[in-house]
Each structure stands twice: as C-alpha cells, then as structure tokens.
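Student:
Residue numbers (the UniProt record's numbering): 1 to 329.
1. Residue 31 and residue 257 look like a contact to me (Cβ under 8 Å); what is the Cβ gap, rounded to whole Å?
2. So, for residue 139: in the same chain, excluding its five sequence neighbours on each side, which residues have a beta-carbon less than 7 Å away from its beta-carbon?
3. Find out if the Cβ-Cβ distance for the pair residue 199, residue 230 is shorter than 8 Å.
4. Can you tell me whether DSSP reads residue 11 as helix, strand or coil?
5. Could you compute how far the alpha carbon of residue 197 sits from the alpha carbon of residue 259?
6. Under 8 Å by Cβ, that's how I've got residue 305 and residue 145 pegged, so tell me the actual separation to the nearest angstrom.
7. Output yes or no for whether 8 Å exceeds the beta carbon distance between residue 233 and residue 178.
8. At which residue ranges does the region 207 to 244 contain complete alpha helix (DSSP H) runs of 4 or more residues, listed in the order of the chain?
9. When DSSP labels each residue in this structure, what does residue 77 get in the three-state scheme?
10. Starting from residue 138, trace the alpha helix (DSSP H) in both directions and tell me its first and last residue.
11. Do residue 106 and residue 123 have their C-beta atoms within less than 8 Å of each other?
12. Any chance you could list the alpha helix (DSSP H) runs of at least 4 consecutive residues sitting entirely within the region 96 to 166, in chain order?
13. Quick one: Cα of residue 82 to Cα of residue 116, how far?
14. Can you tell me which of the three DSSP states residue 256 falls into?
15. Since residue 49 sits in a beta bridge, which residues does DSSP pair it with?
16. Going straight from the alpha carbon of residue 160 to that of residue 265, what length do you get?
17. For residue 335, which of 44, 73 and 98 has the nearest alpha-carbon?
18. Determine the closest residue to residue 244 out of 227, 275 and 269, with distance taken between C-alpha atoms.
19. Evaluate the contact criterion for the region 283 to 292 versus the region 15 to 26: three or more CB pairs, one atom per stretch, below 8 Å.
20. For residue 330, which residues in the same chain have their Cβ closer than 6 Å to its Cβ, ignoring the five residues on either side in sequence?
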C-alpha cells in the first residue's frame, strides 16, 4: 500500500509537473537568457503573460497535446494512434493559442484526407532538417506512464504516437529516451542521475545517445534553446540530474530562455516523476489551471499501467517495427 501511494504521487507529479513547467516557462518563451535576467533576475513565479498573453496558470500546446494523449489512453484502455490523431485534429480545429509548425502541417494533411503515416511522412520528406522539433517530445509523458512497467511496449508506443506528427528518427527516439528516463524515475526508490541517464541512453539512434551523454556537460550560458528535440532532451536531463529538487530543476531549465515552455514541460514531467506531486511547490500548484483533471488522469493511468498489456487489434504494423532497423546504424 505504501508503494502504491508512492507511485500515485509520482504519476501525479509527472503530469502536473509537465503543466507546471509549461505554465512557468510560457512567460519567458522566445526571450534570450539575458532578457530574462534583465526583466526578472531569475524567473520563478507562474504569472502568465508572455508572447501568448496567458492568464496566470494557463498552459500551452505542450500540456494540451499531452492531455489529448492521456484522455485517449484512459478512454480506450490502450494506445490507439487513430483516436489520438482525431483528438489532435479536434484540438487544432478548436483554435488553440499556439501550434507548432510541424504539428500543424501534419494535422492539416490529415484533415485533407491523408492517412496519419502519409501526412507525417510528407512533412518529413519535404523538409527533414526542420522536422526534428520537440513537438512530440513535449507531449510523450502520458505514454511513459501508461507503460511504466512494460518497457518493450513503451518503445513501440512512443514511436507510433510521435509519428502522428513527427516522423524524424531523432524526434521519435528522443520520445523513447525521455519515456525510459521517466519510467526509471517512477520505479526507483531514489532515482540517481546515473540511472536516469542510463535509461535515456538505451536507444539505437546515435544522435539521441550523444545528446544524453552530453547532457551532464551542458553549459547553461551557451546551450542552444532552439526548439529541436535533442536540445530540449539535453536541457531536461541536465536540469534534473544537476538539481535535486523539482523547483531548482524547472527554474534552471526555463531561465535558459528560447523554447522555455517546452523545456519547462519536459523538465517538469521528468522532475515530477522523480519528486512526486509532493515535491512540487505549493504556490505553483495553487496557481495552475486544470490541476484536478491532470491528477485524475494520472490516477487512471496508474490503474491502467498495472493491468496486463492490452492486445493491439491492428497487429504489429507499428512505427517501431518500421524504424528499428533504419535507425540503428
């Protein structure tokens, strides 16, 4: 019972931590670190504003897309990429305040009648150097929670759900790396930095492994904060492994500037999986919009994670089976 309580705290911490990091970072998104220092000294409070003119505690597309995935997992009881894609499309058509370019391009293709794979592949082939963004990394935490004790299925599902919008191997395998780090944090009695880094590095994509290996050496004064999946993965792993508390890790990540909401969201998901909801500052929890649903979804994901793996009625026609060979060399 005590162990179940710890898992519940960590599941809640992961989803709520994602949203907290998103809401904190959104205020300083697109600002250079020097601009943040000039305006805030150190940015530590959830106050809204920013280029999206958010209300205090309001979240961005990072959390909204993660919610689409979490709601689908709970409703379907399994990973259903078609259902997730439908939810992404409905969210997009509702007119969110912000949508990433790669996400928008893929979803527009689906709206126009392309299949999921056709849309993502078209976007990737049209500009492969521009499709390794962090738009699938930012939303992947619910996939990790659902597969917290099913590591093989975690790999397949992470690739499949990334591929709805992001078919670049680096973006896809970055999702796997983060998911494996989150599950290591969930399962550990005390998640040391080495365990998180080792879990994240256990992927066949060389660029992702290098990013994980480089994370502890990141220089916060010169680190790239452009919205590239491996930049964000590197920042999150650095922040969480160099800072022992949730607050210190997320503050460090968002104050680097640039794509600060996504750096905050990814760092918050990983740091929250380690610290649990109990490790997130109460002032941030009080400021956050939508906390109740996030906690309820986390509880349901914990229930589902402890059940036997559901069978996939569509068989093994997965992105994992398509990508393992092409991404391993």
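Using N, Cα and C, we set each Cβ at its ideal position, and we do this for glycine too.
Tutor: So, to answer that:
1. The C-beta distance from residue 31 to residue 257 rounds to 5 Å, short enough to fall under 8 Å.
2. Contacts found: 62, 65, 66 and 69.
3. Between residue 199 and residue 230, the C-beta gap is not smaller than 8 Å, which leaves the two residues out of contact.
4. Taken through DSSP and simplified to helix, strand or coil, residue 11 comes out as helix.
5. If I take the Cα positions, the gap works out to 22 Å.
6. That pair is a contact at about 6 Å.
7. Taking 8 Å as the Cβ cut-off, residue 233 and residue 178 qualify as a contacting pair.
8. Counting whole runs of 4 or more residues, the region 207 to 244 contains the alpha helix (DSSP H) stretches 229 to 242.
9. Residue 77: coil per DSSP, three-state reduction.
10. According to the DSSP assignment, residue 138 belongs to no alpha helix (DSSP H), since it is labelled neither H nor E.
11. Against a cut-off of 8 Å, the Cβ pair of residue 123 and residue 106 comes out as a contact.
12. The DSSP assignment places complete alpha helix (DSSP H) segments of no fewer than 4 residues inside the region 96 to 166 at 101 to 111, 116 to 126, 141 to 146 and 151 to 162, in order along the chain.
13. Using only the alpha carbons, I get a separation of about 8 Å.
14. Three-state result, residue 256: coil.
15. Checking the DSSP bridge columns, you'll see residue 49 partnered with 54.
16. Each residue's alpha carbon lies about 21 Å from the other.
17. Since the first residue shown for the chain is 1 and the last is 329, residue 335 is missing from the structure and cannot be characterised.
18. Nearest C-alpha to residue 244: 275.
19. They touch, by the three-pair rule.
20. The chain is shown only over 1 to 329; residue 330 falls outside these bounds and no answer can be derived.
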